[in-house]
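Residue numbers (my numbering): 55 to 154.
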């Protein structure tokens with residue numbers, strides 16, 4: 055396979071793979087070899103802070119979804135009333151005295 059040149063996408067994929075592997079090994083290195091005892095309370099506090107932020111985001115999303123569901127139910131009810139009124143107007147009526 056002589057003369058084969060790699061595309062820009064292949065180079066970018068290889069570079070991305072290299073960065074990902076380096077990052078994965080760096081986490082293990084910094085947590086096992088380079089870490090000091092004083093680092094872990096800060097790491098724990100950061101995890102607790104992130105947990106609080108995630109809980110806040112989830113609660114906010116739940117509130118928004120509840121509001122949207124309530125609004126959708128109201129809109130659906132109004133649409134059903136409008137459709138029923140239009141249907142009543144469009145139904146053919148028989149003249150007085152006519153029998154079917």
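Every residue gets a Cβ at the ideal spot worked out from N, C-alpha and C, and that includes glycine.
Suppose the cutoff is 8 Å on Cβ atoms and the five residues either side in sequence are ignored; what does the same chain contact list for residue 120 look like?
none
Under a three-way DSSP split, which group does residue 89 fall into?
coil
Do you know how far the Cα of residue 110 is from the Cα of residue 126?
24 Å
Rounded to whole angstroms, what's the CA-CA distance from residue 104 to residue 132? Just pull it up for me.
So the two alpha carbons sit approximately 42 Å from each other.
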